[in-house]
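Novice:
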């Protein structure tokens, strides 16, 4: 009789086809096991199963079968990560009757774990200290899996598979011995190879300087953090089971840090602040100008951005009673200029053609060399840039949004001073940027302001009366609610922010106050006192108060210029892609989160699309940074994707200018918006012949466009 | 007719066997070449040859054939490293009639090189700008070979094959272009791949911060230094052709730096100084004590040693009008304690059993993290340590002395406060250290002093009269020369150094002043006033002057203890090796350079051996550092050798004590010294029964031992 192979893998994907002779196989299997004193174990949910000698530790059986089960302490009953549950019952499919009594009794080690650490839930065992005494079906709960899923709240996205670049390993190291002279490091490396099969491990110098003291303090038991299964980046005496990482998103305006538990993937704390570089210039180009004017500008600005990151991490770690020295990894996304400044690279070349990046690769650096006050061995991963104006932040958006996995043609737009535009699907990806300017952020708008308390963020205009109502940030009520004045007294009504300006211009257009060409119709002065004359143009008074909020002809022009630039960029990519419609639009970033997508489409800021398929992607860049932090494989993934992206430089594309001019009209001079006008009534528009300033003498007619 | 393969390699080691039909082959070859318009080129000294189309550049032909020929500029006529000579004449063996006229005429580029750089020697051409126009035999002179030999003056050693870890590459990079957006780094890497077939090159952050400015300053032509064919460590605009490296030897007493040209292997400058750690303690153990007593001791001592290295490199580079910023690589050897302190590791564990090293591996570090003021991208290579008391300096000695290549059994001894001992041949290598103490350095000797002006370094004693004569450092005369007093007046006669103490004790023994047991014979007071009584022992007065130089009984005891420790270590290794005689002894270090080997053997400091086979290895540790600097492969080599060495810890070997006791006698209580006593008369010895202090009552007899 053939002897069964002990622990042979017969799990999912490797199940022998026994349908032809199930009974004979089962018979042999049973006899085999009786003769060889073996028992059968089936692991769920993986379905992996095998036979093992009676008395085999469950964790060992799981390892042999390749079952995904966690352990930091290497089976010493310290970490509690290898918990399992025995599923009782009869499983005819596996020919197994599983009972809790088929496992060895609860051990002293488990009792100790129960007391000192978190109590084990009912039925839970430490698989490292549980022996197989009979046939069992063992469930590995999600929290015991190494590669568990980090659940994303957003239903649109796949969960993140947890597989961090930095992992902890507990080892008991052979004591130094004169009879066998070798270095303490070599003894540690031997233990890592013996217990964890880790080979060719190197270490930082700072590990060397503390190694001997730590080994002795921990009585030759230590926990090490290993980066990318290759380099020891941290060491602690004894057992340690929490490793922290931080995902950082450096925007032009805001810097945010999300402190994560690398073991669970949970965001433990978040901190954000205004980008300190605002003192060197509100927008990116003025920061580049600062560098041009000040020889020390790069040094100052690099120090400022690094300092702000240090401050955020100090804040976030204080929230969980930890310190920055516990942070072992940082992943960063940023636009190209912030990316360069963070690295200490002058952004000068990015300020003018040919907009050359110093590097477009991802970067794997030490936190120490970047003057970040994390753990001395902490690593920094910076996502790759795509092109001179399309940065690591856009790579983060792609990592989060995954346009490359579906067949539907997806448009990703991240609007800031520049709009970064990505278009594609699982066949092809393209990217470009377009110089929208800061109008969408409320700058260059007469009453514009940042999105802060007191800013008008929503506007509706009655097309009959031309009377508006609006909401301000900091108050839930519409302006026509009775309590509105009382409720807004504290915050005031101070200006209009990005989403408010989109709303008001779109509503003005829908109400016929502005024409398809973007001219405020002075004739309406006759109909409403809200249209007022300024020299040769007209304005619309949205609100009268301590501050009058007025939309001027120039404000409309600024929005036209910004949205035309964005649309022309999108159009260019569609052209290159050879498509005339888009299946799905995702708007990333703060602006994308707050604008009304219907109004955006009414203005022709984004191309026509089924409105149900247009949505906000939230802080997709930051999410991308978190994915790269929690899943090492995603780094290689995004690096490969970025290399494959076709980069389009709008500045050298002949058609850009034409598309830009066509896109000045609302929503567009040439493109139909069939999906939009299925759900939105076409505005009553006044076509005005002659120039805007010449309206007095012009012939007017009203028509539905 | 078969078409000849263009440029097919048919050089040394790959010559087809044509002896059977030489004429037919030659006929075909000639016809082939006529038909295909090809010419033949033979390179000497490699013997590689092949056929190429008329007009092929010589450098290209050499590359195709794998001829070792240098180039930094990649064939642009800038570096002048690819110079060749055409050998004129008829070479029937190759069927070639070689003429200078078979090469294309002297070009404008060569004329420019001639004017701007060094003039080309007569007949020399730049092979990158010389085309093949007919059959030629081309000689590649040694200075045009990449892997040229660095000649070692010492006839005992093989030359060093030049193959540095850091090499320079000149490239012309594609200009940044909006139509093809990519990072400047990526463009540089593409150029390195295109021109130099270098793949997977990474770069330091400091390269990124200056890359864009350097590329533009050099008008897109740059020279980069690449470390281990993997990492860009330096970048300069335009063409640069000198790379410097430094070999550093940190001894307990002295620190020395040898500044080398990585291209030629020449030592350009040398600087040395007292080890600044002497202020923390004269010997290694007192420096360890300093660390024990002072919590900040490690930091202070690390800073001191790094600062002294910085100072030496500044001095050495100033000698050649260069700066430390030109130094791209540093290789360091040191004993374990200095090794640890250099790295910032506490030497505490090395101060007591089990003498655990933090690491015994070689180290590849950045100079910046070690606070060395070299080029910001400079690399540091530290040779591996062998055991707790056998350091990277001994690895350097092995690299220089190569005991592993010959079949003769070689003993390498490096004497300091500890003696490092290596024994072996091409079959097996062993190492240990033995605690000789500082007696050999003149410490713990009543009139001992360091080897400096005024120290007695040579002594002879007339066995009949028992009168000595001696020499002092700083004067060429023996003390019995008439002018001696005048000539030594300036330096004085201040003490006795290591080689002097070996000489005087050996001569006292040979003259019968001390017995085989090391007792100064008080009876000789009757014969000479130089033997004087001190309480219960006697001394020998070597010199009377401002300072009396006297050898006391305790001085002899110190030498006995030191030499017994050394000999016991050697004996232990011989035992382990299973041998009773040694073929060859090499004494490394300053002490080894100065002692009289015959006297050392008379004392039984080293085992019996053919005296012609005992010699000084000079500063072998420093030479080892230089080899590792100039030949990257030697690093892997010494790492492998060190792993294979059997490390013996004398402290745990039972027999050590016995061998030590036996070795207290001169030359040894049990071991015969047959080779020695073939050339040296056995001393007249007085065996004294009873203790040394009991001589008055003891019975004495004289015999030849």
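Residue numbers (the UniProt record's numbering), protein chains in the order written: chain A, 1 to 705; chain B, 1 to 705.
C-beta: ideal position from N, C-alpha, C; glycine also.
(1) Three or more C-beta pairs under 8 Å: does that hold for the stretch 525-536 of chain A against the stretch 457-469 of chain A?
(2) I'd like to check one pair, residue 516(B) with residue 666(B): are the Cβ atoms closer than 8 Å?
(3) For the alpha helix (DSSP H) containing residue 633(A), list its first residue and its last residue.
(4) Just verifying my parser: in three-state terms, what is the DSSP assignment at residue 298(B)?
(5) Select from 491(A), 461(A), 349(A) and 486(A) the residue whose C-alpha is nearest the C-alpha of residue 473(A).
(6) At a Cβ threshold of 8 Å, is residue 212(A) touching chain B?
(7) Going along the chain, which residues of the stretch 595-613 of chain A sit with their C-beta nearer than 9 Å to a C-beta in chain B?
(8) Who are the near neighbours of residue 730(B) in its chain, counting only those whose CB is closer than 8 Å to its CB and skipping five residues on each side?
(9) Using 8 Å as the cut-off, can you tell me whether the stretch 200-215 of chain A makes contact with the stretch 368-381 of chain A, which would need three or more C-beta pairs spanning the two stretches below that distance?
(10) Just the chain A side, please: which residues come within less than 7 Å of residue 707(B) by C-beta, in chain order?
(11) On the premise that residue 585(B) lies in contact with residue 411(B), defined as a C-beta separation below 8 Å, what is that separation, rounded to the nearest angstrom?
(12) Closer than 7 Å: is that where the CB of residue 621(A) sits relative to any heavy atom of the ligand GTP?
(13) Consider the Cβ of residue 209(B): report whether some Cβ of chain A lies at a distance smaller than 8 Å.
(14) With DSSP as the reference, label residue 419(A) as helix, strand or coil.
(15) Touching or not, the stretch 484-503 of chain B and the stretch 443-462 of chain B, by the rule of three or more beta carbon pairs under 8 Å?
(16) Could you check if residue 371(B) is buried or exposed, using at least 16 other CB atoms within 10 Å of its CB as the buried criterion?
(17) Would DSSP call residue 149(B) helix, strand or coil?
(18) Under 8 Å, do residue 86(B) and residue 128(B) count as touching if we go by C-beta distance?
(19) To the nearest whole angstrom, what separates the beta carbons of residue 414(B) and residue 393(B), a pair I think is in contact under 8 Å?
(20) Smallest Cα separation from residue 446(A): which of 549(A), 625(A) and 657(A)?
(21) Based on Cα-Cα distance, which residue from 329(A), 389(A) and 369(A) lies nearest to residue 339(A)?
(22) Using a C-beta cutoff of 8 Å, does residue 3(B) count as contacting chain A?
(23) Establish whether the CB of residue 349(A) and some CB of chain B are separated by less than 8 Å.
(24) Chain A beta carbons: is any one of them nearer than 8 Å to that of residue 710(B)?
(25) At the level of alpha carbons, what is the spacing between residue 635(A) and residue 565(A)?
(26) Run through DSSP, which three-state label would residue 543(A) get?
(27) Which residues in the same chain as residue 576(A) place their Cβ atom closer than 8 Å to its Cβ, once the five residues preceding and following it in sequence are excluded?
(28) When burial is assigned at 16 or more other CB atoms within 10 Å of the CB, is residue 318(A) buried or exposed?
(29) Should residue 361(A) be labelled buried (16 or more other beta-carbon atoms within 10 Å of its own) or exposed?
(30) Can you give the beta carbon distance from residue 407(A) to residue 421(A), rounded, assuming they're within the 8 Å contact cut?
(31) Is the Cβ of residue 181(B) closer than 8 Å to any Cβ of chain A?
(32) What first and last residue would you give for the alpha helix (DSSP H) that runs through residue 508(A)?
(33) Quick check: what's the CA-CA separation for residue 507(A) versus residue 605(A)?
(34) Over the uninterrupted alpha helix (DSSP H) stretch that includes residue 379(B), give me the two end residues.
(35) Could you tell me which chain B residues have their CB closer than 7 Å to the CB of residue 644(A), listed as they occur along the chain?
(36) So the candidates are 323(B), 152(B), 189(B) and 284(B); which of them puts its Cα closest to the Cα of residue 242(B)?
Specialist: Looking at the coordinates:
(1) yes
(2) yes
(3) 633-644
(4) helix
(5) For residue 473(A), the closest of 491(A), 461(A), 349(A) and 486(A) by C-alpha to C-alpha distance is 491(A).
(6) Residue 212(A) counts as touching chain B.
(7) none
(8) In the structure as shown, chain B starts at 1 and stops at 705, and residue 730(B) therefore has no counterpart that could be examined.
(9) yes
(10) Given that chain B is displayed from residue 1 to residue 705, the structure contains no residue 707(B) and the question cannot be resolved.
(11) Between residue 411(B) and residue 585(B) the beta-carbon gap is near 5 Å, inside 8 Å, which marks them as a contact.
(12) Among the components modelled here there is no ligand, and therefore nothing to report on the ligand GTP.
(13) yes
(14) strand
(15) Touching, per the Cβ criterion.
(16) The residue in question, residue 371(B), is exposed, as its Cβ has fewer than 16 Cβ neighbours within 10 Å.
(17) strand
(18) no
(19) Confirmed, about 7 Å.
(20) 549(A)
(21) 389(A)
(22) Residue placement at residue 3(B) cannot be trusted, given a pLDDT of 42 that sits under 50; what the coordinates show is reported in the next sentence. Closer than 8 Å: no.
(23) Yes - at least one Cβ of chain B is within 8 Å of the one on residue 349(A).
(24) An answer regarding residue 710(B) cannot be provided, because it is not within the stretch 1 to 705 covered by chain B.
(25) 32 Å
(26) DSSP places residue 543(A) in strand when its eight states are reduced to three.
(27) 430, 646 and 648
(28) exposed
(29) buried
(30) Not confirmed; about 20 Å, so no contact.
(31) yes
(32) 498-510
(33) 14 Å
(34) No alpha helix (DSSP H) contains residue 379(B), which is instead part of the beta strand (DSSP E) from 379-382.
(35) The contacting residues do not exist; residue 644(A) stays about 13 Å from chain B at best.
(36) 323(B)
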